[in-house]
Amino acid sequence: MATFNNTTWKKYQEAVGDRIKALEETMIAKTANELSHDLTMSSEMWARKRLERTQVIAQLYRTEIRRARDEILAITEEGLRYSARVATDNMQVDDVPIMRVRASMETELTALWSRAINDYRMTVQRVALDSRGLFDAITTAIREKSDDGYVVYQGGRKVSFKSYMEMSVRTEMQNNALTNMEKSAVASGVELFIASSHSDSADDHAEYQGKYYLADGVVWRDEFARLDMHPTAKYLSDAKAAGFLTRPNCRHYVMPVTTPQAMASPNGDAMRKRLGMPNEDAERAKYKALEKQRHNERQIRKYKSRVINDEITLANITDPDTKTAAMAQLRADKAKVAEWQRVQRAHIKDSGLKRQYIREKPGVIVEDLGARLSIKRSGV
Ligand SMILES: [Zn+2]
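Start counting the sequence shown at 26; every next residue gets the next number (the numbering used here).
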């Protein structure tokens, strides 16, 4: 029976995720740089100049996305072929689902540049119409992009570029691999699957992880009662219907096991260890504390970079009313930095974790943006 290799699978997922992240960061930097040009002009002039550049920007985005698209597609195809080979025990690889996923990703990535340019145009128009003052509005627009990543619209809902791509790419890759694997296992007489267990499991997936599940069509026998199973979701399809394995960004997966193997390890621990699957229930509390620390770090970084932006904005303002508003904003953001630093101190004390100051500094993107705006300022 084929074994599904956790390490290799993760490698493909991470490679796709990393490339998408790099594309996202490039797009944010390019957009922010474009918007920060000519900040000294009147808002009308600024908007006119920016819109004149639209064709150039479109080309810029298109080139960037094309380059990333080819790399992302290559990684994805390799990952899908790998999983199909494993699932079918090297017997036969079905090309149709692989090409379908590839084609849908290609369309998605190709459509991105036109959405990006549309978003750029809308930002310019919004800034031009905004009555709060040019610099304030631009700062807000850039801030939205820095916090959230590049924004795309999906059914009226605003989602960050990164989560949008992760959702559509990872979910499709994962579901495809899982379905192929399950089908081939059931065809070779497998009755049971065992699920992975991750310390960073989503809260509502925690009760499903690490359990044994029956393949569809298997008739219940008393011996199954000895196995560690979910109280109500005994069949894999029950767990899937509840979102386990099927939800976007879910990293859980199952592996087929023979019934005698399962009976020899009823609680599943030894079995998962033997299969090299993550088995991290005990690590979960530690992970939760670390997750909270990371959250606090993100908040500190966010408000620190806002303070940087506020200071740059303030240096560029001459209008007294706008200046008063900008100073109030700066004070509010500084207070937020102090507030989150307090939260972090208390959490570090409670959890016994080590504070990592380097992670509380504003990120590379924001530094790039700050550097760019600093150059503008010195040129004024
Ligand atoms: Zn999950």
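All C-beta atoms in this analysis are idealised placements derived from N, C-alpha and C, irrespective of residue type, glycine included.
- T343 is positioned such that its CB atom lies no closer than 8 Å to that of A351.
- In the DSSP assignment, P256 falls outside any alpha helix (DSSP H), carrying neither H nor E.
- In this structure Q318 touches H372 by the C-beta definition: roughly 6 Å separates them, less than 8 Å.
- Residue pairing of I219 in beta bridges, as defined by DSSP: Y237, M280.
- R272 is the residue among Q80, R75, R272 whose C-alpha sits nearest the C-alpha of S226.
- A314 places its beta carbon 8 Å or farther from that of Y237.
- In this structure, T56 lies near Y145, with their beta-carbon atoms less than 8 Å apart.
- Comparing alpha-carbon positions, the option among S68, D63, I383 lying closest to E322 turns out to be I383.
- Between L261 and V279, the C-beta spacing is below 8 Å.
- Only residues of its own chain outside the window of five on either side were considered, and among them T271 have a CB closer than 7 Å to the CB of K265, listed in chain order.
- For K359, the closest alpha carbon among the candidates E59, A47, D241, R326 is that of R326.
- Annotation: K74 to D63 spans about 8 Å, alpha carbon to alpha carbon.
- Looking at the DSSP output, N304 shares a beta bridge with S222.
- With a cut-off of 7 Å, the C-beta of H255 is classified as distant from ligand 1, since no heavy atom of the ligand falls inside that distance.
- Secondary structure remark: continuous alpha helix (DSSP H) runs of at least 4 residues inside the region 303-356, in chain order: 309-341.
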